[in-house]
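If you're matching positions, the first sequence starts at 1 in full-length UniProt numbering and goes up one per residue.
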Amino acid sequence: MESNAMIWFRKGLRIHDNPALDHARRGSKHLFPVFVLDPHYLDPDPSPSSPGSARSARSALNRIRFLLDCLSDLDATLRTLGSRLLLLRGDPVRVLCTILKDWNIGKLCYEFDTEPYSLARDKQVKDFASISGIEVFSPVSHTLFNPAVVIEKNGGRPPLTYQSFVKLAGKPPTPLTETYSELPPVGNVAGYELPSVPTIEELGYGDLSQEEFSPFRGGEMEALKRLKKVLEDKEWVATFEKPKGDPSAFLKPATTVLSPYLKFGCLSSRYFYQCLHNVYKTVGKHTSPPVSLVGQLLWREFFYTVAFGTPHFDQMIGNKICKQIPWRDDEGLFVAWREGRTGYPWIDAIMIQLKKWGWMHHLARHSVACFLTRGDLFIHWEKGRDVFERLLIDSDWAINNGNWLWLSCSSFFYQYNRIYSPISFGKKYDPDGNYIRHFLPVLKDMPKEYIYEPWTAPRSVQKKANCIIGKDYPKRVVVHDTASKECRKEMAEAYALDRSGDNLASKEISNGLRRKLDDQKASRPSCLKQKENTDQITQH
DNA sequence: CCCTCGTTGTTCCA
DNA sequence: TGGAACAACGAGGG
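Right under this line is the structure:
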């Protein structure tokens, strides 16, 4: 039998600490490094009928560009090792099954992936490989721990608190240390046209010269460079405390911005973990989980584990750990939030940073997520989740859904009285509003005493700042004081109902609950809609 | 059953 | 700058 092996890249877009790659190259005469551009991922907008989708789709390019960066970088590195990346397009299952046969592959290696979409996809490929007599090797290397093992240790259920997770998890495995001077050459791919990594323009996105792109570029080289820079400041690493970061810092972000590299697997979490521990060893005194940098890696593990062990983790209905809450369906308010037109500069600036950069600080994400859901607008977390998923360069299925569950007080966190103020929260870090001025240039000349609440600026001040509220910049879509009070009340009611319907999270029951709640709502007016010409206090 | 504790709220007061 | 009030949740552990 010819010893042809294939490494199928999906996440794990790296050479270092890559067990699937290492296993594939061992004892193989030919190595076929493959990546399939999946239309499922490339689709710029999963809901093209939604208003404003054209603009949103253009912005989602940051995420795709980041992926293309990763692929170019991977291809370049493979070429220095006497190999190259074989890029294909189409439905991954169909493509894989075809080339496995055509290229006479005897060994297929790919990193295990816990997302439902990936599990379904990989099962089909694996089944095909099995009946074709192809050896399959699929190691866990995206996360520090194997989520299935942690769940088993906990008696078959995922731990639902961070602390209980950390107790179960133990020590992660050390990363592989293999380095390569060369890899087995690519075999015969006759009959296949294998293009090099396309540009986004070549993917059919048209002229993008006017777009502002994310300052963060993808790839393993970029990841390791960024990691090195982070690790150089040992004091910063050792004293890192997540909740103390400044969400308004954008010239020099207050966090590592390694999340997109971890998401695509340009950076191995196990290698990162080891590096952090080495710094801790040399420095001595250091912060601890949950707030430390290692603590952040463990948060990632926590969400991966719960997401893996929870059916319908990414929805409210049918999700056993998710509070059933009668979120309000208001497309106007939702679009205002998505497009950065809520009239709250702090909120809008964050949403614009999301569109332009595909990244914002963790606490900034909290602010806008709270505002959309339980804090002000009372709109479904799934709608916010979809926006983040498409626009964030680090959007990661388990972590994104987990954090939306958290922020909306649907799971993990239940203290719905703690609401971020869309005015004072940002002001506390950035009293002059420099962050707002940068991402919302229309407000750049607004005096600082009004920049967080521009509707309070006298007409003369608005004129002088060249920014008339209601014309150049929107009026606030809700009044925070009343809207947040209303949200608290709604949450209390929803919690009470959810408790009474405990253990009944089946789809049918939940639908019944929703109907019941909807009926209740129908009898009351919904006044949280945007007012055209007034700034009146909203009631519900 | 009860108790403790939870990465990251806001405002007011001393 | 630090503490208390606000109003109060649930998972996990005993």
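Don't be surprised by glycine CBs; every beta carbon is placed ideally from N, CA and C. Keep in mind it's a predicted model, so treat the numbers as computed, not measured.
Are there 16 or more other CB atoms within 10 angstroms of the CB of residue i, so buried, or fewer, so exposed?
i: Gly155; result: exposed
i: Val479; result: buried
i: Thr282; result: exposed
i: Glu193; result: exposed
i: Gly218; result: buried
i: Gly170; result: exposed
i: Asn403; result: buried
i: Leu405; result: buried
i: Ile7; result: buried
i: Phe9; result: buried
i: Leu21; result: buried
i: Arg459; result: exposed
i: Ser196; result: exposed
i: Tyr41; result: exposed
With residue i and residue j assumed to form a contact (beta carbons below 8 Å), what rounded beta-carbon distance in angstroms separates them?
i: Trp381; j: Ser410; result: 6 Å
i: Ala60; j: Arg390; result: 5 Å
i: Leu267; j: Leu227; result: 6 Å
i: Pro474; j: Gly343; result: 4 Å
i: Leu373; j: Gly358; result: Per the sequence shown, residue 373 should be read as Thr rather than Leu. Actually they do not touch by this definition, with Cβ atoms about 21 Å apart.
i: Gly133; j: Asn4; result: Actually they do not touch by this definition, with Cβ atoms about 13 Å apart.
i: Ala483; j: Asp376; result: 5 Å
i: Leu144; j: Ser269; result: 5 Å
i: Asp17; j: Pro175; result: 4 Å
With distances taken between CB atoms, is the gap from residue i to residue j smaller than 9 Å?
i: Ala336; j: Val477; result: yes
i: Lys323; j: Thr310; result: no
i: Leu160; j: Phe412; result: yes
i: Ile451; j: Gly433; result: yes
i: Pro139; j: Pro19; result: yes
i: Asp75; j: Arg63; result: no
i: Tyr180; j: Phe137; result: no
i: Ile347; j: Pro422; result: yes
i: Ile87; j: Val34; result: The sequence given here has Leu at residue 87, not Ile. Going by C-beta atoms, Leu87 is nearer than 9 Å to Val34.
i: Glu115; j: Ala349; result: no
i: Asn401; j: Leu392; result: no
Within the same chain, show all residues whose beta-carbon is closer than 7 Å to that of residue i, passing over the 5 residues directly before and after it, in chain order.
i: Leu231; result: Val237, Cys275, Val279
i: Gln462; result: Ile468, Ile469
i: Pro92; result: Val36, Asp38, Arg121
i: Tyr429; result: Asp246, Pro247, Ser248
Identify, in the order they occur along the chain, each residue of the same chain with its Cβ nearer than 6 Å to the Cβ of residue i, setting aside the five sequence neighbours on each side.
i: Thr305; result: Pro147, Val150, Pro158
i: Asp394; result: Ser259, Pro260, Lys263
i: Ser141; result: Pro19, Glu111
i: Gln124; result: Val93
i: Thr256; result: Val230
i: Asp396; result: Lys263
i: Asp472; result: Val442
Kindly indicate which residue of the options has the alpha-carbon position closest to the one of residue i.
i: residue 542; options: Phe32, Pro184, Trp327; result: Outside the shown range of the chain, which is 1 to 540, sits residue 542, and nothing can be said about it.
i: Gly245; options: Tyr162, Leu363, Lys225; result: Leu363
i: Leu407; options: Cys370, Asp430, Leu392, Glu135; result: Cys370
i: Leu13; options: Leu67, Leu224, Gly265, His30; result: Gly265
i: Ala223; options: Leu183, Ile15, Val368, Gly426; result: Ile15
i: Phe213; options: Glu152, Lys485, Asp69; result: Asp69
i: Asp294; options: Gly340, Glu241, Phe303; result: For clarity, residue 294 is Val in the given sequence; the question names Asp instead. It is Glu241 whose Cα lies nearest to the Cα of Val294.
i: Pro172; options: Tyr271, Val197, Pro198, Thr255; result: Tyr271
i: Asn417; options: His40, Arg341, Glu486; result: Glu486
i: residue 542; options: Ile379, Val93, Thr80; result: With the chain represented from 1 up to 540, any question about residue 542 goes unanswered, as that position is not in the structure.
i: His366; options: Gly204, Lys356, Met351; result: Met351
i: Tyr414; options: Gly284, Glu301, Ile325, Ile399; result: Ile325
Residues in the same chain with beta-carbon distance under 8 Å from residue i, minus the five sequence neighbours each way, listed in chain order, please.
i: Pro185; result: His30, Leu31, Gly82, Ser83
i: Ser506; result: Because the pLDDT of Ser506 is 42, which lies under 50, any placement of that residue in the model is unreliable, and the question is left without a value.
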